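Below is one structure, written out as structure tokens; the observations come after it.
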Amino acid sequence: MTMLRALVRVPKGKLLLAPYNPGWAGRSQAFEFNIQVAEAAKEVGVSLDRIIILSEMSVAEAETVLSLSDIYLSSFPHGGATMTHLSLIYGVPPVVLRRRSTRSIDQFLVGSLGFEQLLTNTPDEYVELVGKLADDTAGRRKLGADIKAAAKHPVFVASKDFSKSMEKTVLNCLAEIEKRSIQIDTGEI
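All residue numbers in the sequence shown are consecutive under my numbering, ending with 217.
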């Protein structure tokens with residue numbers, strides 16, 4: 029519903045939805061999904077010709093779609109990490125709703141590159157940010173260029189401190205696994 033409200037805020041916009049991935053088990057739920065989209069669109073007053081539902085895409089197809097997009101709307105409550113990552117690489121500003129979830133990699137990716145202004149706290153803020161980005165073509169393009177440049181040097185892989193911290197964590201986990209394995213073998217548990 030929030031994405032459709034954002035579409036209302038952008039009168040000349042189109043919403044491309046790519047809901048299908050291998051987890052949809054042959055798109056068995058597609059019919060019901062399409063009905064829900066149509067009902068929600070009617071509720072907010074959006075014509076169905078402004079909504080395009082894409083089938084399952086390869087990464088190359090997703091890259092093509094993003095290269096033609098002005099704004100990427102991250103899904104919630106579970107964000108699309110792969111698509112958010114690709115939007116950053118292609119310089120397409122992603123709009124992300126902050127949430128408490130173990131599946132919130134999208135907000136980590138955006139925040140770690142320093143683009144906190146693209147993280148919203150409520151659905152209303154999400155809709156408003158989409159509108160602001162849509163209304164300011166020059167600002168959106170500049171932001172997209174900044175995002176694309178930042179994405180070439182992600183702090184979570186390019187930082188020696190981060191790498192050392194991850195190495196320490198992995199080695200500690202391996203040591204703990206080894207310790208527990210020895211305890212099981214010797215019956216010391």
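Each residue gets a CB set at the ideal place from its N, CA and C atoms; glycine is no exception.
Since this is a predicted model, take the numbers as computed values, not measurements.
Nonlocal neighbours in the same chain, by C-beta distance under 8 Å from THR112, ignoring five residues either side: TYR100, SER102, PRO122, VAL124, ILE133, ASP134, LEU137 and VAL138, listed in sequence order.
Distance CB(LYS42)-CB(ILE81) smaller than 8 Å: No.
Own chain residues within Cβ distance below 7 Å of LEU76, not counting five before or after: Excluding positions up to five away in sequence, the list reads ALA66 and ALA69.
Buried or exposed (CB count within 10 angstroms, at least 16 for buried), GLY167: With fewer than 16 neighbouring CB atoms inside 10 Å of its own CB, GLY167 falls in the exposed class.
Beta-carbon proximity check, GLU144 vs LEU114, cutoff 8 Å: Cβ atoms of GLU144 and LEU114: not closer than 8 Å.
TYR154 in three-state terms, based on DSSP: In the three-state scheme derived from DSSP, where H, G and I count as helix and E and B as strand, TYR154 is classed as helix.
For ILE175, three-class secondary structure by DSSP: Here ILE175 carries a helix assignment [DSSP, helix/strand/coil].
VAL38 to VAL72 span [Cα, whole Å]: So the alpha carbons of these two residues sit roughly 13 Å apart.
Which residues DSSP lists as bridging THR148, in chain order: THR148 is bridged to LEU125.
Identity of the residue in MET31, ILE175 and THR150 nearest PRO47 by Cα: If we check each option's Cα against that of PRO47, MET31 comes out closest.
Residue(s) in a DSSP beta bridge with TYR100: Looking at the DSSP assignment, TYR100 forms a beta bridge with PRO122.
Three-state class that DSSP yields for LEU82 in the structure shown: The three-state reading of DSSP puts LEU82 in coil, since its state is none of H, G, I, E or B.
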